[in-house]
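Those sequence lines, one after another, are chains A, B and C.
Numbering of the first sequence is given in the working numbering, commencing with residue 7 and proceeding in unit increments.
Numbering of the second sequence is given in the working numbering, commencing with residue 7 and proceeding in unit increments.
Numbering of the third sequence is given in the working numbering, commencing with residue 7 and proceeding in unit increments.
Heads up, the thing below is written out as structure tokens.
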Amino acid sequence: MIGNFFEDFFVGQVLVHATPRTVTEGDVAMYTALYGGRFAVHSSTPFAQALGFACAPVDSMLVFHIVFGKTVPDISLNAIANLGYADGRFGVPVYPGDTLSTISRVTGIKLNRDGTTGVVYVHSVGRNQRDEIVVEYARWVMVRKRDGTSAAPETVVPDLPTFVAPASLHVPVSFAVGAYNTQLGGSAYLWDDYHVGERIDHVDGITIEEADHMLAARLFQNTARVHFNQHVEREGRFGRRIVYGGHVISLSRALSFNGLANTIGIAAIHGGRHTNPTFAGDTIYAWSEILAADAVRDRTDVGALRIRTVALKDRSASDFTYRDATEAYDPSVVLDFDYTILMPRR
Amino acid sequence: MIGNFFEDFFVGQVLVHATPRTVTEGDVAMYTALYGGRFAVHSSTPFAQALGFACAPVDSMLVFHIVFGKTVPDISLNAIANLGYADGRFGVPVYPGDTLSTISRVTGIKLNRDGTTGVVYVHSVGRNQRDEIVVEYARWVMVRKRDGTSAAPETVVPDLPTFVAPASLHVPVSFAVGAYNTQLGGSAYLWDDYHVGERIDHVDGITIEEADHMLAARLFQNTARVHFNQHVEREGRFGRRIVYGGHVISLSRALSFNGLANTIGIAAIHGGRHTNPTFAGDTIYAWSEILAADAVRDRTDVGALRIRTVALKDRSASDFTYRDATEAYDPSVVLDFDYTILMPRR
Amino acid sequence: MIGNFFEDFFVGQVLVHATPRTVTEGDVAMYTALYGGRFAVHSSTPFAQALGFACAPVDSMLVFHIVFGKTVPDISLNAIANLGYADGRFGVPVYPGDTLSTISRVTGIKLNRDGTTGVVYVHSVGRNQRDEIVVEYARWVMVRKRDGTSAAPETVVPDLPTFVAPASLHVPVSFAVGAYNTQLGGSAYLWDDYHVGERIDHVDGITIEEADHMLAARLFQNTARVHFNQHVEREGRFGRRIVYGGHVISLSRALSFNGLANTIGIAAIHGGRHTNPTFAGDTIYAWSEILAADAVRDRTDVGALRIRTVALKDRSASDFTYRDATEAYDPSVVLDFDYTILMPRR
Chain A
7 MIGNFFEDFF
17 VGQVLVHATP
27 RTVTEGDVAM
37 YTALYGGRFA
47 VHSSTPFAQA
57 LGFACAPVDS
67 MLVFHIVFGK
77 TVPDISLNAI
87 ANLGYADGRF
97 GVPVYPGDTL
107 STISRVTGIK
117 LNRDGTTGVV
127 YVHSVGRNQR
137 DEIVVEYARW
147 VMVRKRDGTS
157 AAPETVVPDL
167 PTFVAPASLH
177 VPVSFAVGAY
187 NTQLGGSAYL
197 WDDYHVGERI
207 DHVDGITIEE
217 ADHMLAARLF
227 QNTARVHFNQ
237 HVEREGRFGR
247 RIVYGGHVIS
257 LSRALSFNGL
267 ANTIGIAAIH
277 GGRHTNPTFA
287 GDTIYAWSEI
297 LAADAVRDRT
307 DVGALRIRTV
317 ALKDRSASDF
327 TYRDATEAYD
337 PSVVLDFDYT
347 ILMPRR
Chain B
7 MIGNFFEDFF
17 VGQVLVHATP
27 RTVTEGDVAM
37 YTALYGGRFA
47 VHSSTPFAQA
57 LGFACAPVDS
67 MLVFHIVFGK
77 TVPDISLNAI
87 ANLGYADGRF
97 GVPVYPGDTL
107 STISRVTGIK
117 LNRDGTTGVV
127 YVHSVGRNQR
137 DEIVVEYARW
147 VMVRKRDGTS
157 AAPETVVPDL
167 PTFVAPASLH
177 VPVSFAVGAY
187 NTQLGGSAYL
197 WDDYHVGERI
207 DHVDGITIEE
217 ADHMLAARLF
227 QNTARVHFNQ
237 HVEREGRFGR
247 RIVYGGHVIS
257 LSRALSFNGL
267 ANTIGIAAIH
277 GGRHTNPTFA
287 GDTIYAWSEI
297 LAADAVRDRT
307 DVGALRIRTV
317 ALKDRSASDF
327 TYRDATEAYD
337 PSVVLDFDYT
347 ILMPRR
Chain C
7 MIGNFFEDFF
17 VGQVLVHATP
27 RTVTEGDVAM
37 YTALYGGRFA
47 VHSSTPFAQA
57 LGFACAPVDS
67 MLVFHIVFGK
77 TVPDISLNAI
87 ANLGYADGRF
97 GVPVYPGDTL
107 STISRVTGIK
117 LNRDGTTGVV
127 YVHSVGRNQR
137 DEIVVEYARW
147 VMVRKRDGTS
157 AAPETVVPDL
167 PTFVAPASLH
177 VPVSFAVGAY
187 NTQLGGSAYL
197 WDDYHVGERI
207 DHVDGITIEE
217 ADHMLAARLF
227 QNTARVHFNQ
237 HVEREGRFGR
247 RIVYGGHVIS
257 LSRALSFNGL
267 ANTIGIAAIH
277 GGRHTNPTFA
287 GDTIYAWSEI
297 LAADAVRDRT
307 DVGALRIRTV
317 ALKDRSASDF
327 TYRDATEAYD
337 PSVVLDFDYT
347 ILMPRR
């Protein structure tokens, strides 16, 4: 009820997180209202079925947020900072009616020099009611110690890949080349049309309201306190509630329709950093850079695009603001997200 | 991605809009939470089935907003103003599970005298997954030219009806006279009880929040920028985001339950004007006048009422504020909506 | 349309309330987004089915709010105050797809000494489409007279129980002892582990936004004007919209997961007082005291816990703030709610 502290974690520990969640068409509608996504495969059952899906699959990031939300009470209720993600791989598609639950294993632990905080590494796995993996990822967070004087545990730092190898991507369905309708998809551009190094301004900006981001975090059953409690946060470092970082990811992904309309899902999350806090009132813009365009093994219907999506607050993405000469992030940058999407090929 | 400009349109052009949309019970719940509608036919499946519907049909205006939302990226992303609607006719009922898509045809084009903007007329048709029409309407918008010096196209202005003739209304289902339960419907008044010229104060007022109207526009996948981006709009004409005009229509329709409770759907939209902009913080009231009470051909179970619904901001509707002696709209009037509803007969 | 006044009520009067409501998965998702509830039985269909439910039952308070919302236009549109609840008993579980409607009977009436207001007592019964009771309760409200000079009716005050006897609780399903999964439930504590007099701090706080509480009240089709109309309320007693009292109940119940995670439903509402008004911007905390732990007749799988949940605004629940020495409520107390939950036994 008050969450785990640094001393409560040990390498090899398995955490069975509470509150399995049946995802419904209601969750999908709420997600649409929160982000306004327009990817056809998530919006239309006939469109999705023409590609071989059973019906419109749930957006990858909604799956991620639900799986992630379950871990908060056990892992990050006393977290000071989300330090990173790695090795995120999406599995079988999630459809309305599926029930998701999450189990995490502690893979590493390291006391910080200050002696009052430490880093905990976990590997979290979300599964559906048939025990099939829907998404798994590594994450590390900085957690408070309960007691500054307790002994330091042996340091274990897991070996995490800097990126998910294309060969290990799970590609959900196979479809006939040419079956994809680009008019309904919203863009003439398919996998073949993108080039490594290309930068895309996603053009639009969306202003965040307090009600929005709290509705989102509650939908995901994410209980992290900094998002909800103005009575406490007004005395805190920023004087106000902090927007869930995943909210910014979902906004950016919805914005990325402008330029990446034919995305049919996220296959991998290589890493992600919330480089500055986001607050209600901020207007989020986003741009993306194509980092790699990979063929998918044994597939001619679909290809993978590794992308960096950068979200900015209160600054248009038209000049692709990112880092300065010292590699420090511009103060307007709130998200640096490295992931792989799937897109039909010609 | 940056939308069409005046020069991109030509008469006869067909625009297949992106992102077909499967409407679900989730969308209906979100719509209820946004507007609070209480019409029994849209709220209760048994009530709707007793009238011959397969289940509770989706509210006509939710259908309209979804069909309309698809047209925004192609038609009105660079629009300066929504000039008008005409000839709106609703078709077959929409049920949760149906998938809607929209195709528009350009029916007219006219360069304005200033040479920098023009008017584009379109006819948009929303269809379900069986290619049945769910709603169609004409609309004209003022659009920016990309280049002030390009040549003017030949002017074509379509011949639009001032109203939809009662004989061309589509009336969805037939039910036994007397099958309608007025207690559950919420009012003793049926079609026979309304008189031309009668004015109805819908009594209640609802204050709009930024979160509300943005959730609504995103639910409808309407991407018009003025609704979402405070970072840009604070430098704009009004200094703030503008509420989607359709949001005011839906609020007014929900308010119209007070006085028109037994409405079983909208059959036609004759015209509509957003006479003043609406902003978060405005409280919307509405009143209606019965413009015509028409029998429906070959039907004794249901009649048509042509209605003008006027929405006001920050002013009670009890004195039916409308236009002044010079026919100018009162500054409190934000919507002048001319449409036809269906209602059971005695 | 303008609601009933004191003179319109008489003992024995039956009010068939309008707008039956089919509850859907969409409503459940919206409710989750509004409150963030994490009780496994309401979140997961497989979890609920393992306990004998047909699927995840709708949260008891969502059922209550929908049943209650229907009564507002007929009973409390002209109410000055909600004076109390009693004898609330939940019946059969509600599942998505069920249609709820409400009928109330006036059971008492009493003119106040000032001659301009009176108290109306009603017994309201919510039923599903099979005419099975889902919830019933007594309520009394202070209502305005239309005309200060009309004669006083004979005073009738119904005999209401101070609490619902454990023997009359409806317990929805039977399940095998040991079938309950406490890891997925979120807590190791079952019915046997709670002790009368024990106080539980529910720890977290949630700040209310105007958009939140209005979305909630509209979802419940609750039309009470004080929640929606800032244009009127800014001239009113508080200068702003008042949050629906039921919104605070639902927030408190969601917060009560911290400490009462294995709750499988509410069986009874013994009483409830909204002791101070709640406004947007208030942060709600809650604590509970176990008032009684009762066995349930003929059942070894589940027990009843009678609980007082107290909600506070802008004050942590860690010191269990309640009443002062004179029995007056602390100004931070906004809800004093006396009810019975069900929880699995060991």
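Backbone N, C-alpha and C fix where the C-beta goes; we use that ideal spot for every residue, glycine too.
These numbers come from a predicted model, not from an experiment.
Query                                                                                                                                                                                                           : Result
Could you work out which residue in 235(A), 214(A), 99(A) and 91(A) is closest to residue 165(A) when comparing CA atoms only?                                                                                  : 91(A)
Under 7 Å, CB to CB, which of the residues in the segment 226-237 of chain B have a partner in chain A?                                                                                                         : 227, 229, 231, 234, 235, 236 and 237
If you draw a straight line from the alpha carbon of residue 279(A) to that of residue 32(A), how long is it in whole angstroms?                                                                                : 30 Å
With which residues is residue 148(B) paired in a DSSP beta bridge?                                                                                                                                             : 87(B) and 125(B)
Go ahead and pull the three-state DSSP assignment for residue 233(C).                                                                                                                                           : helix
Step through the CB atoms of chain B and report whether any lies within less than 8 Å of the CB of residue 68(A).                                                                                               : no
The beta strand (DSSP E) with residue 295(A) in it runs from where to where?                                                                                                                                    : 289-301
Flag residue 333(A) as yes if its beta-carbon sits less than 8 Å from any beta-carbon of chain B, otherwise no.                                                                                                 : no
My output table needs one value for residue 142(A): the three-state DSSP class, helix, strand or coil.                                                                                                          : strand
Taking 8 Å as the cut-off, decide whether the C-beta atoms of residue 175(B) and residue 273(B) are in contact.                                                                                                 : yes
Could you check whether the segment 149-156 of chain B touches the segment 186-203 of chain B, counting it as contact only if at least three pairs of C-beta atoms, one from each stretch, sit closer than 8 Å? : no
Here's the rule I'm using: 16 or more other beta-carbon atoms within 10 Å means buried, otherwise exposed. How should residue 160(B) be labelled?                                                               : exposed
Which residues in chain A sit within 8 Å of residue 261(B), going by Cβ to Cβ distance?                                                                                                                         : Here the premise fails: no neighbours, minimum Cβ distance about 21 Å.
Residues of the segment 117-147 of chain B in Cβ contact with chain A at a cutoff of 8 Å, in chain order, please.                                                                                               : 135
Taking 8 Å as the threshold (beta carbon to beta carbon), is residue 26(A) in contact with chain C?                                                                                                             : yes
Can you name, in chain order, every residue of its own chain whose Cβ lies under 8 Å from the Cβ of residue 283(C), other than the five neighbours on each side?                                                : 244, 248, 249 and 340
Can you list the residues of chain C that residue 8(A) reaches, using a CB-CB cut of under 8 Å?                                                                                                                 : 209
So what does DSSP say about residue 271(A), is it helix, strand or coil?                                                                                                                                        : coil
Hey, residue 28(C) and residue 51(B): beta-carbon distance below 8 Å or not?                                                                                                                                    : yes
So who's on the other strand from residue 314(B), going by DSSP bridges?                                                                                                                                        : 295(B) and 344(B)
Please identify, using Cβ separations under 8 Å, the residues of the segment 105-116 of chain A that lie next to chain C, in order along the chain.                                                             : 105 and 107
Check whether chain B comes within 8 Å of residue 1(A), counting only Cβ atoms and requiring the distance to be less than that.                                                                                 : In the structure displayed, chain A extends from 7 to 352; residue 1(A) sits before or after that span and is not available.
If you run the structure through DSSP and keep just helix, strand and coil, what is residue 308(B)?                                                                                                             : strand
Should residue 53(B) and residue 271(B) be called a contact, given that it needs their Cβ atoms to be closer than 8 Å?                                                                                          : no
For the candidate residues 230(A), 194(A), 333(A) and 289(A), whose alpha-carbon lies nearest to that of residue 349(A)?                                                                                        : 194(A)
Report all residues from its chain with a CB closer than 8 Å to the CB of residue 63(C); omit the five preceding and five following residues, and keep chain order.                                             : 47, 48, 54, 99, 100, 101, 178 and 271
Which residue wins for smallest C-alpha separation from residue 22(B), given the options 109(B), 68(B) and 207(B)?                                                                                              : 109(B)
Among 158(A), 139(A), 207(A) and 182(A), which has the Cα closest to the Cα of residue 125(A)?                                                                                                                  : 158(A)
Alpha carbon to alpha carbon, how far is residue 319(A) from residue 83(B)?                                                                                                                                     : 22 Å
Pairing CB atoms from the segment 225-232 of chain A with CB atoms from the segment 219-227 of chain C, are three or more of them under 8 Å?                                                                    : no
Assuming residue 114(A) is part of the beta strand (DSSP E), what are its boundary residues?                                                                                                                    : 105-117
For the alpha helix (DSSP H) containing residue 44(B), list its first residue and its last residue.                                                                                                             : Unbroken run through residue 44(B): none, as it is neither H nor E.
Quick check: the segment 255-264 of chain B against the segment 36-45 of chain B, are at least 3 beta-carbon pairs closer than 8 Å?                                                                             : yes
Against chain A, with Cβ distances strictly below 8 Å, would residue 344(B) count as a contact?                                                                                                                 : no
With which residues is residue 96(A) paired in a DSSP beta bridge?                                                                                                                                              : 141(A)
Report the rounded CA-to-CA distance for residue 218(C) versus residue 211(C), giving the unit in angstroms.                                                                                                    : 15 Å
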